[in-house]
Every structure is written in structure tokens, then in C-alpha cells.
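In this note's numbering, the protein residues as written are 47 to 414.
For glycine and all other residues, C-beta sits at the position ideal for the given N, C-alpha and C.
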Amino acid sequence: MPFLHLDGLAKRFGTTAVLADFSLTVERGEILALLGPSGSGKTTALRLVAGFETPDAGRIVVAGDDVTALAPARRRFGMVFQHYALFPHLDVGDNVAFGLAELPAAERGARVAETLALVGLAGLERRRVDQISGGQQQRVALARALAPEPRVLLLDEPMSNLDPTLRERTRRELQATLRRIGITTLLVTHEQEEAFALGDRVAVLQAGHLQQVAAPRELYTRPATRFVATFVGRASVLGGEATDAGGAPLTVTLPRGDGTTVAWPAARPPGELAPSSHAAVDLRAVDLVLRPESLELAPAASALTLPATVLEARFLGTGTLLVVQLAGAAGAGTLEVLAAPDVAAAVGDQVYVQPRLQGLLPFAFPRS
Ligand SMILES: Nc1ncnc2c1ncn2[C@@H]1O[C@H](COP(=O)(O)OP(=O)(O)OP(=O)(O)O)[C@@H](O)[C@H]1O
Ligand SMILES: [Mg+2]
């Protein structure tokens, strides 16, 4: 049985459905990252779980207890808010002691000291919260959430107020702390890198609908929807026609600028594409989603290549990321290609792009 079970949650504000049929399970001790663009409903989901909002439908069950109707404090969940919401008039120690009113004073002091040590802020009790750094404020907010020993920790964009150099270090420290305590965590973020670095699994939310819940590698290599394929990781999209050859990989025919076509392999087998009632249809419109590392430059034109012009070349160390403009039809797409680091392609060069036939093949999705 999962430790935390969100079962069919729904929430509207006025006429807008912000979350629909939102179901998710989190195992004991698991870190689950809820990833989605701004406005997709992440904070709303977390506020429902915490009890600051009431769902229109669905249940929240923790360790077998239905807590849907319980007040926030009685759920024994800890929450770190998107903007920390520390009490500016209280010092660090009193902020952390906030949820400990029922403990005897001596125990309370010991728990505050213990929790501050846990987040690397030992001895900072009497410091004013406006006299510590942003990274330290984040850790005070974390300590305040952890001090009452919650059953579940809810984190809303825990790194968003930190500058990029602090982010990576703070992320490592946060992960180490969560692992050490072994606390079940639901973490909200709009950054894929953060979700991948921290989440045992990642749940992708788009406009209030969960798209896929999977481990990072699975999300990246087997995205369930076109949205997941393009939101998670870098990707370019080309429109083409899928030929149902009855086997994998599926072949997708793409137009070249000069009126000819090129046939590229794609990873998605035809069975997944075919609408069940049209299983025998031969050709269908698809969007081919290509990761930069699924493409390469060919030395010369061939039956597999698309001609293009280099718009941008960015040396990354591990490779050179090229943005190329496909030749031909006006407004035709651009592609991102991860070329070998020693490829000397400069802006304005004519190049030939082909799919790599080993490794991650492109994905084909029914045209939306
Ligand atoms: N109290 C409210 N009343 C009306 N609409 C709301 C309310 N709270 C949120 N919304 C709307 O619900 C949608 C989802 O908001 P939410 O804050 O959950 O998004 P989010 O995914 O956390 O975004 P961000 O990444 O920007 O924090 C938005 O369109 C927002 O405007
Ligand atoms: Mg939010």
C-alpha cells in the first residue's frame, strides 16, 4: 500500500478547472517531484494535500487514514512555501519552534537545536531572519517544516528564490537531508533539471492533468505524450506521415524543401499510434519529436539527410549544440542537433542532418 495516496482530486476556481482527476501515489520515504509549467496547478495540488484548500472531489489518504476533511495542523504534514513565509519579527529559533507549541519548553529548545543542526544551521537560534542569507532562510523554512516531525513533507519550488550558483549546492544538501531522515516528500518544481536531480519519480502536470508519472530515465526515453516529450528535455518537432509497416521502428516520411521526401525511423511502434478503429490505415499525420542527441550531421547528402543552414553553434564541451534551419518551404522548422565537439560548423554553413541509427530514436505522436 502506498504511504500517500491522492485519489481523484479535482479543484475549480470559479469556472476554471485547475485540477482534474488528479491521482498519485507516493511510497514511504520516496521523493516525488511534481513538474509542470507555470500555472499548471502545482501549488494548488500541494495546497489541497496540505489542507489549505478543499477539493471539489477526491480523497487524500496517508498511511491508511483518510485526512481529506482534517484541518491542516491535524494532518501532520510539513510544508515549505514557494516564498518561505518566515515570520520576519521572530528570530530563527522562534520560527523553527512555531509548530512545537505543545512541547514542554525544555524539549522545545532541544528539538529546535536538533533540527537546526540537521539543516546545517546549528547555533543560529537567536539570529534575526532578515540577517541571514537567502540559502539560510530556505533552510530555516525547511527546519520549521521538519521540527514537528511530519509524516509527509511538501515543498513548493524550494530553490526558486536562490541564485543559480547556490541552487546546485542547496539541492545536494536538501537531498542529503531528506534521505537521512527518510521522509516521504512531494516536491513541486517547474524546472526539469531540479525534478530529475531530486525526484525518485517525476509526475508531469499540464493544465491540471497528470500526463505521466515515471522515473527520470523512463520519462526522457519513453515519454507517454507529445507534451512530456517536448517539456522534459530538449526537443524539436517536425510534421510527417507515418507509414504503418506493421513493425517497429515506425517509418516517418518527412518533406524536403525541394519537393522530395526522406524516410526516418521513429521509436514509437505503429500499434501505439493507430486509433483502434482505424488499425488498417496506412498513412497518418504525426509529429516527430527529436532530441538533439538523436540527430547528427552527415558528411554529404544522402537518402537519409535533410539539408539545412546553421543558425547557431554553441560549444558545450561534451558536444556542440547546433540550431539549424531546414532548407526549402518558408517557415519550415528549426532543429537542434548535438554534434561531436570537434565538428567545425559555423553560423551560415550548409549542412546535412540525419537521424542517428543507434541510441535514442525519435518519437512519433499523432498530430495534435
Ligand atoms: N485562489 C485562486 N482563485 C482563482 N484562481 C486561482 C487561485 N489559485 C490559483 N488559481 C489559478 O489556478 C491556476 C493554477 O495555479 P497554481 O498556483 O496552482 O499554478 P502553479 O503550477 O503553481 O504555477 P507557478 O509555477 O507559477 O507557481 C492558475 O491559472 C491560477 O491563476
Ligand atoms: Mg506555484
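Rounded C-beta distance between residue i and residue j? I'm assuming under 8 Å.
{"i": "A313", "j": "L343", "result": "Incorrect: roughly 21 Å between the Cβ atoms, too far for contact."}
{"i": "R337", "j": "A288", "result": "Not confirmed; about 18 Å, so no contact."}
{"i": "T161", "j": "A131", "result": "With a Cβ gap of about 17 Å, T161 and A131 do not count as contacting."}
{"i": "V126", "j": "R197", "result": "Their Cβ separation, rounded to whole angstroms, is 15 Å, which puts V126 and R197 out of contact at 8 Å."}
{"i": "G245", "j": "L78", "result": "6 Å"}
{"i": "A91", "j": "F68", "result": "6 Å"}
{"i": "L251", "j": "K57", "result": "Not a contact, Cβ separation roughly 13 Å."}
{"i": "V399", "j": "L362", "result": "With 8 Å as the limit, V399 and L362 do not qualify as a contact, their Cβ atoms being about 18 Å apart."}
{"i": "D137", "j": "R185", "result": "With 8 Å as the limit, D137 and R185 do not qualify as a contact, their Cβ atoms being about 14 Å apart."}
{"i": "A119", "j": "R157", "result": "With a Cβ gap of about 17 Å, A119 and R157 do not count as contacting."}
With a threshold of 7 Å (Cβ to nearest heavy atom), would residue i be considered close to ligand 2?
{"i": "Q184", "result": "no"}
{"i": "Q371", "result": "no"}
{"i": "E73", "result": "no"}
{"i": "Q128", "result": "yes"}
{"i": "D202", "result": "yes"}
Given the structure, does residue i come close to ligand 1, in the sense that its CB is under 7 Å from one of the ligand's heavy atoms?
{"i": "F59", "result": "yes"}
{"i": "T100", "result": "no"}
{"i": "T89", "result": "yes"}
{"i": "G85", "result": "yes"}
{"i": "V397", "result": "no"}
{"i": "H255", "result": "no"}
{"i": "G54", "result": "no"}
{"i": "G104", "result": "no"}
{"i": "G97", "result": "no"}
{"i": "V480", "result": "In the structure as shown, the chain begins at 47 and stops at 414. Residue 480 is therefore absent and cannot be evaluated."}
{"i": "G245", "result": "no"}
{"i": "G405", "result": "no"}
{"i": "G379", "result": "no"}
{"i": "H51", "result": "no"}
{"i": "G82", "result": "yes"}
Report the partner residues of residue i according to the DSSP bridge assignment.
{"i": "Q396", "result": "T355"}
{"i": "S282", "result": "L336"}
{"i": "K57", "result": "L65"}
{"i": "Q371", "result": "T355, T380"}
{"i": "T230", "result": "V198"}
{"i": "A15", "result": "The structure shown has nothing for residue 15, since the chain only spans 47 to 414."}
{"i": "Q177", "result": "DSSP lists no partner for Q177."}
{"i": "F361", "result": "T366"}
{"i": "L52", "result": "L70, I106"}
{"i": "V259", "result": "A249"}
{"i": "A288", "result": "V298, R330"}
{"i": "T216", "result": "None; T216 has no bridge partner."}
Does residue i pass the burial test, meaning 16 or more other C-beta atoms within 10 Å, or should it be called exposed?
{"i": "V393", "result": "exposed"}
{"i": "L50", "result": "buried"}
{"i": "L52", "result": "buried"}
{"i": "L170", "result": "buried"}
{"i": "F273", "result": "buried"}
{"i": "P401", "result": "buried"}
{"i": "G85", "result": "exposed"}
{"i": "T307", "result": "exposed"}
{"i": "Q404", "result": "exposed"}
{"i": "V64", "result": "buried"}
{"i": "A419", "result": "Outside the shown range of the chain, which is 47 to 414, sits residue 419, and nothing can be said about it."}
{"i": "V327", "result": "Note that V327 has pLDDT 47, beneath the 50 cutoff, so the model's placement of it is unreliable and the number below is only indicative. Looking at its Cβ environment, which holds fewer than 16 other Cβ atoms inside 10 Å, V327 is exposed."}
{"i": "A191", "result": "buried"}
{"i": "L55", "result": "buried"}
{"i": "T366", "result": "buried"}
{"i": "F411", "result": "buried"}
{"i": "M47", "result": "exposed"}
{"i": "T211", "result": "exposed"}
{"i": "F133", "result": "exposed"}
{"i": "P345", "result": "exposed"}
{"i": "D209", "result": "exposed"}
{"i": "A261", "result": "exposed"}
Determine the extent of the alpha helix (DSSP H) in which residue i is found, giving its start and end residues.
{"i": "R337", "result": "Note, R337: premise wrong, no alpha helix (DSSP H); not H, not E."}
{"i": "G110", "result": "First-last for G110: undefined, no H or E at that position."}
{"i": "F242", "result": "238-244"}
{"i": "A156", "result": "151-164"}
{"i": "G124", "result": "From DSSP, G124 is part of no alpha helix (DSSP H) but of the beta strand (DSSP E) over 123-126."}
{"i": "A275", "result": "272-277"}
{"i": "V142", "result": "138-142"}
{"i": "A96", "result": "88-96"}
Could you give the residue range of the beta strand (DSSP E) that holds residue i?
{"i": "T267", "result": "No beta strand (DSSP E) holds T267; the alpha helix (DSSP H) holding it covers 262-267."}
{"i": "L80", "result": "77-81"}
{"i": "P311", "result": "307-312"}
{"i": "P301", "result": "296-301"}
{"i": "A410", "result": "409-412"}
{"i": "L116", "result": "No beta strand (DSSP E) holds L116; DSSP gives it neither H nor E."}
{"i": "V250", "result": "247-252"}
Hey, is residue i close to ligand 3, as in C-beta under 7 Å from one of its heavy atoms?
{"i": "H135", "result": "Looking at this structure, you won't find ligand 3 anywhere; what it does contain is ligand 1 and ligand 2."}
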